[in-house]
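Sequence lines, in order, name chains A and B.
Residues 4 to 447 in my numbering are what the first sequence spells out, letter by letter.
Residues 13 to 343 in my numbering are what the second sequence spells out, letter by letter.
A quick write-up on the structure given underneath.
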Amino acid sequence: MLKTFSKGGVHPAENKLTANKPIEKAGLPKQVTIPIAQHIGAPSKPVVKKKDQVKVGDVIAKSEGFVSANIHSSVSGTIAKIDNALDPSGFRKPCVIINVEGDEWNENIDTTPDLIKDFSLSAQEIRDKVSEAGIVGLGGATFPSHVKLSVPEGKKVDTLIINGVECEPYLTSDHRVMLERTEEMLTGIQLLKNALGVNRVLIGIENNKPDALEHIQNIVSDKEGIEVYPLKVKYPQGGEKQLIKALINREVPSGGLPLDVGVVVHNVGTSLAVYEAVQKNKPLVERVVTVTGKSLKKPSNFMVRIGTPVKDIIEAAGGLPEDTGKVVNGGPMMGKALNSLDIPVVKGTSGILVIPAKEAKRDKEQNCIRCAKCVSVCPMGLEPYLLKQLAQLEKFEALEKNDVMDCMECGSCAFDCPANIPLLDYIRYGKVNVSQIIRNRKQK
Amino acid sequence: MNQTLKVSHSPHVFEDTSVKKLMYGVVIALLPTLAWSVYAFGIGAIIVTAVSVVSCLAFEFIIQKYLLKQQPTITDGSALVTGLLLAFNVPSNLPIGIIIIGALVSIGVGKMTFGGLGSNPFNPALVGRVFLLISFPVQMTSWPIPKGFETKYADAATGATPLGILQEGDKPVTQLMDKMPGYSDLFIGQMGGSLGEMAAFALIIGLVIMLYMRIITWHIPVSVIGSVGIFAGILWLADPTQYADPLFHILSGGLLLGAIFMATDYVTSPMSKKAMLFYGVGIGVLTVLIRVFGSYPEGVSFAILIMNAAVPLFNQYIKPKRFGEEVNNGQ
């Protein structure tokens, strides 16, 4: 029996069109737009000004506080302006806009492809380098990674879990990293392990990636303390609470963190970034992005510089098809639909999904027939039909009592609803209001 | 690259499912039983079913269009299911006028007064059936005996149902059992009864179809049938001369039809798996209580309606177990 999480879950069509496409380097754009808030936490503070010259890897915005991350220039060139521009949220946010000139890298960065395995660094040194490099969780949540490496007083961590699940349909960026950058990724994992001081590392990979599973299993067979587990395919297994449950059967309590059950979870892409930061001094200036969609001519996996406009990489994948309805930043289950193709790729962009017009529609909402499918697919054990009703009636106290804040917005309920009810839209509305109420209460 | 892009919240893909698909799935699951009753009762089964289905659809259309001024939704299949289930719950020689009244009560009172699909607290087909049973007790309890394809309507030879024999008899059950059809007859439906409640094998095929198509889960049918088996079994073990054995209870009357098709009605059953089990056990226990100690020989319809009334309570107090409720930190 393959491991998986026990409660709820759905099986969307996988559509991994780019699973066999090696990672290609995307061309340099003419101009990059780098938002100064690409992570959860405080936005960073720009430290450059108009007309400054920057090289690849230069810091352009410094982190403000502990839960924040440095932002580096992903190109060499001249700062055109620091201004508000559309970011993937769909709103105008402060960004550093750089005109690209050549491709000159900061001299501290080792740009050779040589594999370095230097495990002499102390935990603090690793943390500092990760923090310096502005690394955030590359699975999509973009939580600053150095924070997850600093175990607070009184907590004990015994297991590091590496998330290679990639349960979102279409996306293959983690899959390709596991196949092509295996040694570097495993070195990164080793560094994370040293920084946390744990003895046990578990890598969870869904068994729809047998090539990656076999490849990594062969390499780690002689490494002590690292185990690879194939997992039964089920969405949302890549959610960290679900992954922890699937691998070691521990349940993170409501409102809690993996730390509360002695676990830290990092993504495979993040592990690669950690390797590059620690061994090569290379900050997070580029990432693997899957550009995909059934109507695209050339779906691909690209190594893309942060700040590249989405339209450039869609062009590289064969151009935007005539009948496009939606362009999504991320996967189809949790990604955000973009309102412009000038929006840049950011640290959290794992994929760009092009959806044809005929699939980019919602069917007419019908009466709820109380089939209870939303209840049985909810991985958090919530009652989406009830949360929807309460949100619609604006009964926010009852919503909070019914654990609406446990919802991680995986979309399983809306995905499975036969009456086409946009359950998650209503629940989000409820969550926004409930979190406001909680904030107000705390301030009092 | 100047196309207008649609913006909406996630998810951006959806399961290939719809209310219509689920309802027509139920219809497919009902077909084996329908086929058997046409084979067993002939023209009567065809007439009763056709009248029931057509009048349910017609009443829904008329009420939605002219009374509620809504866009009629009769193509969603739910009125079709109600029509079939109502027909399955009446004798195959029921006069046409009575069937039409049943359909009006089912759709009009049972469903549309509450706001249509999704809002009704009680199973509409059962509301219609119970209304007819109380209003037309004679017609509703003269059951034709299945004799193979019958071409005449309404004058078939009638006989009592096994549960009826049990209820009327003042002799010990062990003697009455000799007059009963054997288990194999019960299994293939060779006894008196309503149009669609008799052939255990056909109903079980329907159950398998619905489980396979993921229309329902096992929780309600298994808990209803299991609790009837256990409760009737306890009585039978206590005094076999007084009480019928559990297998008889499971195969006779409308139990299987009720457990598989009526109690599992989405709208009128609870939302969480745990509550479904309680609801199923409630139906099973009430059914046996009514059958054994009540004045009606059959109690499934009443048991389901009573438990329907309790569903809001179940939904309020029996919540699914939240993730992380039992903190297991493994340390």
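Each residue gets a CB set at the ideal place from its N, CA and C atoms; glycine is no exception.
For clarity, every value in this text was computed on a predicted model and none was experimentally measured.
Expected contact under 8 angstroms - CB spacing of residue i and residue j to nearest Å
i: G351 (chain A); j: T36 (chain A); result: No, G351 (chain A) and T36 (chain A) are not in contact; Cβ-Cβ is about 15 angstroms, not under 8 angstroms.
i: V93 (chain B); j: V39 (chain B); result: 6 angstroms
i: G194 (chain B); j: P158 (chain B); result: G194 (chain B) to P158 (chain B), Cβ: 15 angstroms. No contact.
i: E67 (chain A); j: S47 (chain A); result: 6 angstroms
i: L344 (chain A); j: V331 (chain A); result: The Cβ separation is near 12 angstroms, so there is no contact.
i: L426 (chain A); j: P387 (chain A); result: 5 angstroms
i: I112 (chain B); j: P136 (chain B); result: The pair is not a contact, with the Cβ atoms about 15 angstroms apart (cut-off 8 angstroms).
i: N304 (chain A); j: L5 (chain A); result: Actually they are not in contact, since the Cβ atoms of N304 (chain A) and L5 (chain A) sit about 26 angstroms apart, beyond 8 angstroms.
i: Y255 (chain B); j: V304 (chain B); result: 6 angstroms
i: L250 (chain A); j: R184 (chain A); result: The pair is not a contact, with the Cβ atoms about 22 angstroms apart (cut-off 8 angstroms).
i: P421 (chain A); j: L219 (chain B); result: Not a contact, Cβ separation roughly 20 angstroms.
i: S148 (chain A); j: G140 (chain A); result: 6 angstroms
i: I262 (chain B); j: V297 (chain B); result: The pair is not a contact, with the Cβ atoms about 14 angstroms apart (cut-off 8 angstroms).
Buried/exposed call for residue i, threshold 16 Cβ in 10 Å
i: G204 (chain B); result: buried
i: H42 (chain A); result: buried
i: V150 (chain B); result: exposed
i: W248 (chain B); result: buried
i: V281 (chain A); result: buried
i: I129 (chain A); result: buried
i: L396 (chain A); result: exposed
i: R95 (chain A); result: exposed
i: P155 (chain A); result: exposed
i: K391 (chain A); result: buried
i: Y329 (chain B); result: exposed
i: K123 (chain B); result: buried
i: D251 (chain B); result: exposed
Helix, strand or coil at residue i [DSSP, three-state]
i: G127 (chain B); result: coil
i: H75 (chain A); result: strand
i: Y173 (chain A); result: coil
i: Q369 (chain A); result: coil
i: V19 (chain B); result: coil
i: D86 (chain A); result: strand
i: E318 (chain A); result: helix
i: W248 (chain B); result: helix
i: C377 (chain A); result: helix
i: W230 (chain B); result: coil
i: I360 (chain A); result: The residue you asked about is not Ile; residue 360 (chain A) is Ala in the sequence shown. Correct three-state label for A360 (chain A): coil.
i: G10 (chain B); result: This structure cannot settle anything about residue 10 (chain B), because the visible part of chain B is limited to 13 through 343.
i: P302 (chain A); result: coil
i: H149 (chain A); result: helix
i: G218 (chain B); result: helix
i: E209 (chain B); result: coil
is_contact[residue i, chain B] using C-beta, thresh 7 angstroms
i: P421 (chain A); result: yes
i: R448 (chain A); result: The displayed coordinates of chain A run from 4 to 447. Any statement about residue 448 (chain A) would go beyond what the structure contains.
i: G328 (chain A); result: yes
i: G30 (chain A); result: no
i: L20 (chain A); result: no
i: F146 (chain A); result: no
i: R373 (chain A); result: yes
i: V349 (chain A); result: no
i: N443 (chain A); result: no
i: A120 (chain A); result: Checking the displayed sequence, the identity of residue 120 (chain A) turns out to be Lys instead of Ala. Not closer than 7 angstroms to any Cβ of chain B, the Cβ of K120 (chain A) fails to qualify, so no.
i: K10 (chain A); result: yes
Residue-chain proximity (residue i, chain A), Cβ-Cβ < 7 angstroms
i: S235 (chain B); result: no
i: Q343 (chain B); result: Because the pLDDT at Q343 (chain B) is just 46, under 50, the model does not fix this residue reliably, and the point stays unresolved.
i: R334 (chain B); result: yes
i: S67 (chain B); result: no
i: L317 (chain B); result: no
i: P189 (chain B); result: Residue identity check: residue 189 (chain B) is Met in the sequence provided, not Pro. No, M189 (chain B) does not count as interfacial toward chain A.
i: S284 (chain B); result: yes
i: F26 (chain B); result: yes
i: H21 (chain B); result: yes
Counterpart residues of residue i in DSSP-defined beta bridges
i: I208 (chain A); result: A:P233
i: R184 (chain A); result: DSSP lists no partner for R184 (chain A).
i: R308 (chain A); result: A:E289
i: T276 (chain B); result: T276 (chain B) pairs with nothing; no bridge assigned.
i: P49 (chain A); result: A:A64
i: N102 (chain A); result: A:Q34, A:T81
i: E353 (chain B); result: Nothing in the structure corresponds to residue 353 (chain B), since chain B is present only between 13 and 343.
i: V268 (chain A); result: A:I164
Residue i CB to nearest heavy atom of the ligand ATP below 6 angstroms
i: E368 (chain A); result: Absent from the structure shown: the ligand ATP. Ligands present: none.
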